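Enquirer: So the sequence shown is numbered by this note's numbering: it starts at 582 and just counts up by one.
From the three backbone atoms N, C-alpha and C, an ideal C-beta is built for every residue, glycine too.
For clarity, every value in this text was computed on a predicted model and none was experimentally measured.
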Amino acid sequence: MHHLDISGKGVKSVEIVYSRVAFKAINSLDKSTKLRVKAGIEGLLEVPPKGDIKQIIDMIDMLPESEQKLAFEMIKRMVLAWDSDFTKLTPLERERLIEAEKEIANNETVSHSDIDWN
582 MHHLDISGKG VKSVEIVYSR VAFKAINSLD KSTKLRVKAG IEGLLEVPPK GDIKQIIDMI
642 DMLPESEQKL AFEMIKRMVL AWDSDFTKLT PLERERLIEA EKEIANNETV SHSDIDWN
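#1: Just tell me which of ASP611, THR671 and ALA652 has its CA closest to the CA of ASN699.
#2: Can you look up SER647 in the DSSP assignment and give me helix, strand or coil?
#3: Classify VAL595: buried if its beta carbon has 16 or more other beta carbons within 10 angstroms, exposed otherwise.
#4: Could you check whether VAL618 and HIS693 sit closer than 8 Å to each other, using their CB atoms as the reference points?
#5: Per DSSP, what are the beta-bridge partners of THR690 in this structure?
#6: Going by beta-carbon coordinates alone, are ALA603 and ALA686 separated by less than 8 Å?
#7: Compute the Euclidean distance between the alpha carbons of ARG601 and GLU627, then round it to the nearest angstrom.
#8: Would you mind sorting ILE679 into buried or exposed? The rule is 16 or more other CB atoms within 10 Å of its CB.
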C-alpha cells in the first residue's frame, strides 16, 4: 500500500492494482524495463511527482507566474490536438484496454506488491 498526500490535508492510502492483461505485459518485459516501469509508476505517487511530469512542472514553475497559465494552456492544446478525447489507441491497445477494464470491474486484479519486479 502506498501513501499519498494529494490534497495537503493529510495522507491518503493508495493501492496500485493491475488487470491481468497488464500483469502479463509487465511479466513479459526484461528486468531493466520492468524496473523503469515500476519507478515511473511509484514516482507518480510522490508529492511532487517524479519523472517526465515532474520535469514539465519544474520548467513551468521557472516561468514568471503571469506566463504559467499560458504555458499550461499551450500544453493542453498540444495534447488535445494530438488526441482530443484521450483515446488514440491502436486496435490491439483498444482490445487490451477493453479486456483490462472488464477484469478491473470484476475485481480480477494483481496488487503492485505481488509483481516480481526482478
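Expert: The relevant details are as follows:
#1: ASP611
#2: helix
#3: exposed
#4: If you check the CB distance, HIS693 and VAL618 do not come in under 8 Å.
#5: THR690 is bridged by DSSP to SER600.
#6: no
#7: 25 Å
#8: ILE679 is exposed by the Cβ-count criterion.
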